[in-house]
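Residue 382 in this note's numbering is what sits at position 382 of the sequence shown, and the numbering runs on without skipping anything. Glycine residues also receive a C-beta, built at the ideal position from the N, C-alpha and C atoms. Given the structure is predicted, the values throughout are model-derived calculations rather than measurements. Here the structure is laid out as structure tokens; the discussion comes afterwards.
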Amino acid sequence: MVMIEPYDHSEIEKKWRENWQKDQTYTTDLTKNEKAFYCLDMFPYPSGEGLHVGHWRGYVMSDFYARYQRLQGKNVFHPMGFDAFGLPAENAAIKSETHPKEFTQRAIKTFTAQLSQMGASYDWSKKIVTSDPEYYRWTQWLFLQLFKHSLAEKRKSLVNWCPKDQTVLANEQVIDGCCERCGTVVTKKELDQWYFKTTAMAEELYGGLDGVKWPERVKTLQRNWIGKSKGANVKFSVVNSRFSIEVFTTRPDTLFGVTALVLSPEHPLVSKLTTQESNEKVEEYLEGVASKTNIDRMQAKETEKTAVFTGTYATHPLTNENIPIWLADYVLADYASGAVMCVPAHDERDYQFAKTHNLPIKQVISPTAVSDANLPYIGQGIIISSKGYNGLNSNKASENIVADLTNAAKGEQKTIYRLRDWLVSRQRYWGAPIPIVYDPDGKAYAVKDEHLPLLLPDDVDFLPGGESPIARSKEYAMRAEKLYGVGWRFETDTLDTFVDSSWYFFRYLSPTDSSQPFDKDLVKNWLPVDFYVGGIEHATLHLLYARFICRFLAKFGYIDSSIAEPFSQLFNIGMVNMHGAKMSKSKDNVVSADQLVEHYGADTLRGYELFIGPMDVEAEWNPQGVNGIHRFLIKLWKVSQSCQDIEASDENNQEFQRYLHSISQMINQHRLNTVLAQAMTFLQYLHTQPKVSKKLLENFLITLSPIFPFICEELWQKFGHDQSIGQESWPELAEVANYLELSVRINNKHVYSIPVRGDESEEETLELIKQSPPPSQKDKLLKLLEPNTRRVYKTGSFINFVVHS
1 MVMIEPYDHS EIEKKWRENW QKDQTYTTDL TKNEKAFYCL DMFPYPSGEG LHVGHWRGYV
61 MSDFYARYQR LQGKNVFHPM GFDAFGLPAE NAAIKSETHP KEFTQRAIKT FTAQLSQMGA
121 SYDWSKKIVT SDPEYYRWTQ WLFLQLFKHS LAEKRKSLVN WCPKDQTVLA NEQVIDGCCE
181 RCGTVVTKKE LDQWYFKTTA MAEELYGGLD GVKWPERVKT LQRNWIGKSK GANVKFSVVN
241 SRFSIEVFTT RPDTLFGVTA LVLSPEHPLV SKLTTQESNE KVEEYLEGVA SKTNIDRMQA
301 KETEKTAVFT GTYATHPLTN ENIPIWLADY VLADYASGAV MCVPAHDERD YQFAKTHNLP
361 IKQVISPTAV SDANLPYIGQ GIIISSKGYN GLNSNKASEN IVADLTNAAK GEQKTIYRLR
421 DWLVSRQRYW GAPIPIVYDP DGKAYAVKDE HLPLLLPDDV DFLPGGESPI ARSKEYAMRA
481 EKLYGVGWRF ETDTLDTFVD SSWYFFRYLS PTDSSQPFDK DLVKNWLPVD FYVGGIEHAT
541 LHLLYARFIC RFLAKFGYID SSIAEPFSQL FNIGMVNMHG AKMSKSKDNV VSADQLVEHY
601 GADTLRGYEL FIGPMDVEAE WNPQGVNGIH RFLIKLWKVS QSCQDIEASD ENNQEFQRYL
661 HSISQMINQH RLNTVLAQAM TFLQYLHTQP KVSKKLLENF LITLSPIFPF ICEELWQKFG
721 HDQSIGQESW PELAEVANYL ELSVRINNKH VYSIPVRGDE SEEETLELIK QSPPPSQKDK
781 LLKLLEPNTR RVYKTGSFIN FVVHS
């Protein structure tokens, strides 16, 4: 009787962690750029709580593809670092009365141990930490390059202010009117702040999305945030005044329907346009608006949108009629010119505005369909009541009206963007100091290169007080005068942490280079990143900022001009929920990864993270599900120890090739949960065989190694191999007898294919569909699998679901 050695995950995983570290198994030679594959996670912020099972999911997925691409013969670079500056560390430091550097270092140590515990194949020799002076020296250098090219500037403006964190926020960091960090309702404050002029590259950022392999949802979010609008600027002269008001419109064809101009309460002409008779009401109105955030103003119901008449009129540029000028809080100062034309007959908001304030409603477009005749009519049609343009369709009328306005110097064709400049100043301590020094007259200069990094001072208490705590540092003030002269002073604001993460993927390529931020040749060889994994919550934050910085560097020759985009392929990982909610300490629903690894092993947890559901959708954590993966590994261990050094039968080889064909397609479609389901089916098949070929099992282990690196490495060694299984080659696909692609159809329209033998019953086919729906069709197909759905099935050819609309 053969004695089966027990599967001891603790000893196996401990052994291989140590071996991989000692042998530097995953260290990448970046000078060898042939078949280069850059695989990257959005690097983590090292919080005090460490990693839970929700965090694991993305890291396991990226590691799967890093390992898989190595087996495909690629030279894979898979680095890791830490986004270490920011408010959480500073707030924790205040609470615990320690320095944020100490908090951050402890957290990094915890994260590093947990990521190593996971078995992630990171090249730790290239680690970066954004709060290290050798890193933020180059973040400061980057700021100065933008300053040099007039893309970083300081200006006074109305900014988003978080009362709790006592700092300004970029527009992208305000979620539903609240601070994205702490949830506090954001207010407005006028301050002198530093901005990066992202608006200078709005068109490049908008158009560049066409060339990247990103989820359409992310591209749509960015396009909407950038907000490209084509239309015209129209100039209205103010009656009895030297002033004029410019209004942007996307519908020049409705110009004859204008019955009012509406300005934002912050418009610079408000005080000049307000008559003495209207002054008291306007002042009262402005006072009320000051307490509202932009989000409040945009999201208010139509009946809650307020307004006040200035008492002044403008002249219509084509009819010379007098048009009343109003102020309304639904118009925002930072979009277009901060003024809009009110066309009640052809805009729903304007229609409500006109009804509320008894303004005329002039229809100037006739719909082509009778059913669309009710006002407001917002579609296009035939122009009416517009002298000189009647009878034209909307497009032709717009074209002619803009041409006539241009000839009369009363307007011009224009494209505008909703995107605003990136506010990068922060009034907190734990961030990279802005490398600007002011002379005694207050003029700004770049800190000299030899004085970089401009180090954070230590003599501060970190307590927020409306200005950066650095402003209270005596050492910082003395340092400026020592280096630059009496009366000189450093900027005391720090940089938004998203500046640190906007370029970190460059620094991974040369993390210890003290002479330059990155090697231009290495950047050309390795960028853009081939596969980038992270959450969709960064669609209009990190991902937009990184694109801006990359385009800046390419435009001004810091990197090769061909590298306009930083990430060629993006995958958004779905979060893991517990009891229907995102895991968080505040909800008391966090599942510790450490305890599960101790009990089941990292391989088991890795497998369950992939098996829990499609990788791009949210998944509910089921504690019982981990057991199934653990049983799979025990079965794999037993089958491996009882295999024989024999040739595989033709049937065994055919079954393996069917499995290989199936998972190859699924891997390319990122359906890793179904890869594991197929592996379970194939292992069960092997388990029922009287004899199992060692060579066949070795090929099976290679396909499993990206999911279960520890057990596969151990068994590979037991089979007598000296080289790591990760350095092997992916098994070759061969022709498969009776291998067919079954077409899954809905109302005779092909949706996707699944591999079949060709002799499955209808019930077996339905089970295969249940195991492997593509993410985009999952919900629809699972619903169609219900017993009452009518379907037509032809064995080995197609299955058609009949759905009545």
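With a threshold of 16 other beta carbon atoms within 10 Å, Ser398 meets it and is buried. Assigned with DSSP and collapsed to three states, Ala200 falls in helix.
Distances from the CA of Ala336 to each of Thr275, Phe248, Ser121 were compared; the closest alpha carbon is that of Phe248. Rounded to whole angstroms, the separation of the alpha carbons of His630 and Ser642 is 19 Å. Where Glu735 is concerned, there is no enclosing alpha helix (DSSP H), because DSSP gives it neither an H nor an E. Distance from the CA atom of Ala339 to the CA atom of Gly183, rounded to whole angstroms, is 31 Å. Only buried fits Gly86, as 16 or more other CB atoms lie within 10 angstroms of its CB. Contact between the region 143-163 and the region 110-121 is absent, with fewer than three C-beta pairs closer than 8 Å. Contact fails between the region 458-468 and the region 520-531, because fewer than three Cβ pairs, one in each stretch, are under 8 Å apart.
Judged by DSSP in its simplified three-state form, Lys213 adopts strand. The beta carbon of Thr130 sits closer than 6 Å to those of Asp83, Ala84, Phe85, Asp500, all from its chain and outside the five residues before and after it, given in chain order. If you draw a straight line from the Cα of Leu733 to the Cα of Gln569, it is about 25 Å long. By the CB criterion at 8 Å, Val258 and Cys342 fall inside the cutoff. Looking at the DSSP output, Asn395 shares a beta bridge with no other residue. Of all C-beta pairs linking the region 231-244 to the region 403-423, three or more are shorter than 8 Å, placing the two stretches in contact. Here the alpha carbons of Tyr608 and Tyr752 stand approximately 26 Å from one another. Assignment of Lys524 by DSSP, reduced to helix, strand and coil, places it in the helix class. Closest in alpha carbon position to Leu273, among Phe256, Pro252, Thr254, Asn240, is Asn240.
Counting only the Cα atoms, Arg426 lies some 6 Å from Val168. The C-alpha of Thr275 lies about 5 Å from the C-alpha of Gly311. Separation of Ser116 and Arg507 (C-alpha to C-alpha, rounded to the nearest whole angstrom) is 22 Å. Taking Gln516 as reference, the option from Leu541, Pro453, Gly487 with the minimal CA-CA separation is Pro453. CA-CA distance, Gln689 to Lys638, rounds to 13 Å. Here Ala677 carries a helix assignment [DSSP, helix/strand/coil]. Annotated three-state conformation of Tyr438 is strand, per DSSP. For the 8 Å CB-CB criterion, Gln654 and Val692 do not form a contact. DSSP places His670 in the coil class of the three-state scheme, outside both helix and strand.
Between the beta-carbon of Ile378 and that of Val364 there is about 13 Å, and that puts the pair past the 8 Å contact cut. When secondary structure is reduced to three states using DSSP, Phe103 falls in the helix class. About 29 Å separates the beta carbon of Leu544 from that of Trp124, a gap too long to meet the 8 Å contact definition. Rounded to the nearest whole angstrom, the C-alpha separation of Arg17 and Pro623 is 26 Å. Straight-line measurement puts the Cα of Pro566 at about 41 Å from the Cα of Gly485. By the Cβ neighbour-count rule, Gln72 is exposed, with fewer than 16 other Cβ atoms within 10 Å of its own.
Here Leu221 carries a helix assignment [DSSP, helix/strand/coil]. Put simply, the region 610-617 does not touch the region 585-600. Fewer than three CB pairs are less than 8 Å apart. The residues Leu660, Asn699, Ile702, Thr703, in chain order, have a CB closer than 7 Å to that of Pro731 in the same chain once the five nearest residues on each side in sequence are set aside.
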